[in-house]
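Take the sequence shown: its letter number 190 is residue 189 in numbering that gives the first Met the number 0, and every next letter is one higher. The structure appears below as structure tokens.
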Amino acid sequence: MLLDGPRECQELTESISVSRVTMVQILQDLEDRLWIEQEGQEYQITQLGRTLINGFELFLQTVEATQQLRDFIVNLSSEELPADLRPFGQAEVVRASHGDSNAPIRRMSEIAQSADQLQILTHSIFEEGLRATNKRASSALDPAEVVLSTAAVKAASEDQQLSSYIQRSIETGTNIYHYDGEFLHIVLIADQSVMILVTGDFDNIIGGIISDDKRTLSWAEKTFKQYQREASFLSNDQFSRRPK
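Structure, rendered in structure tokens:
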């Protein structure tokens, strides 16, 4: 309560349902530590106390983030993740389950179809994702930008249905780039939101993390641009001439 402004002892006592004697003891202890100070009948938080509260809030954010990520962390490489994972504590988490193994992919498709601007960095090809980018062609939305790893391009060229989806995507305006190498994450940037898809031991999708935190968005945009700069534009002719 003191973060919102000065309060009298009686008001503080009623707010946390303790006896006045207990409240006086608590306030005296906090005052001795220089975390609060008394002016007249009111108590207010000091700069030292505010610093302590801010540090504790950061700690709680860290705990919340680790709880959100604990099921995924073994499948996330720290090499390319943001240095600060605290924003993930407030992120939306979508998990695959035995009853709904496609939940993360379905959520990805929903985000992709509704975004005004879309960028995708992926080492795996998903039919649902290709459908989403193709549907954008029939709307007034900007063409999607997609960076595919060598493994993704190879997998698509070896599968007739995926190959046709890729060719259709290129024909309808999707800007597809081939990165000659591999990367660690599947990242989707949709307007101001970021979705990171998490893969399991067999390259199956086990979940997704969706965040609209500015720091996460900045990391995602930087990561995408880095791979896009090093990738080459993939035309339909180049894709169709790739060895099967």
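Virtual Cβ for every residue (Gly too), placed ideally from N, Cα, C.
Supposed contact pair residue j and residue i - C-beta distance, whole angstroms, cut 8 Å
i	j	result
Ile204	Ala95	6 Å
Ser148	Glu181	5 Å
Ala114	Asp190	5 Å
Ala154	Ile124	5 Å
Ala131	Ser108	5 Å
Residue burial classification, residue i (beta-carbon count within 10 angstroms, cutoff 16)
i	result
Val20	exposed
Gln118	buried
His97	exposed
Leu47	exposed
Phe238	buried
Spatially closest choice to residue i from the options, by CA coordinates
i	options	result
Leu120	Ser234, Ser239 and Glu229	Glu229
Ile188	Glu91, Thr215 and Asn133	Thr215
Gly206	Gly128, Asp31 and Arg106	Arg106
Thr198	Ile104, Gly4 and Gln40	Ile104
Arg6	Ser18, Val17 and Leu26	Leu26
Gln40	Gln9, Leu57, Met22 and Gln24	Gln9
Interface flag, residue i vs chain D, CB-CB below 8 Å
i	result
Asn133	This model lacks chain D altogether, as it is built from one protein chain only.
Within 8 Å, strictly: CB atoms of residue i and residue j
i	j	result
Val146	Phe223	yes
His184	Ile175	no
His177	Ser234	no
Ile52	Thr45	no
Where the beta strand (DSSP E) through residue i begins and ends
i	result
Ser148	Glu144 to Ser148
Ile119	Leu117 to Thr121
Ser192	Ser192 to Thr198
Range covered by the alpha helix (DSSP H) that runs through residue i
i	result
Asn101	Per DSSP, Asn101 belongs to no alpha helix (DSSP H) and is neither H nor E.
Ser239	Asn235 to Ser239
Leu33	Careful: Leu33 lies outside any alpha helix (DSSP H) and carries neither H nor E.
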